[in-house]
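A short worksheet on the structure shown next.
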Amino acid sequence: MGSFAIVWVGLVFVALSGISFYVIPKTWDQTLWRTCLIMTYVCVYLMWAVTYMAQLHPLIAPQRSDLKIEH
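If you want the working numbering, it's the position in the sequence shown, counting the first as 1, plus 397.
Laid out in structure tokens, this is it:
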């Protein structure tokens with residue numbers, strides 16, 4: 398499920414970017430709105446992907462603190 402979730406969520410954000418590209422009304426600041434929305438989707442996806450992958454493969458393994466150390 399690990400890498401499949403990243404791909405599927407990525408496809409959802411690509412779809413949202415495509416939809417927002419065509420749904421924005423034609424005004425004088427259309428390019429600004431498109432850029433802001435697509436950059437927002439990219440940043441949200443990257444933050445989610447980094448957090449998700451950090452939970453899948455932690456750098457430091459959790460250790461129990463209630464165990465006695467035996468010599």
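Built from N, CA and C at the ideal position, the CB exists for glycine as well.
Here the alpha carbon of T448 sits roughly 11 Å from the alpha carbon of V441. Judged by their CB atoms, Y438 and L413 are nearer to each other than the 9 Å cut-off.
Here the alpha carbon of I421 sits roughly 39 Å from the alpha carbon of H454. For M436, the closest C-alpha among the options W425, F410, A446 and Q460 is that of F410.
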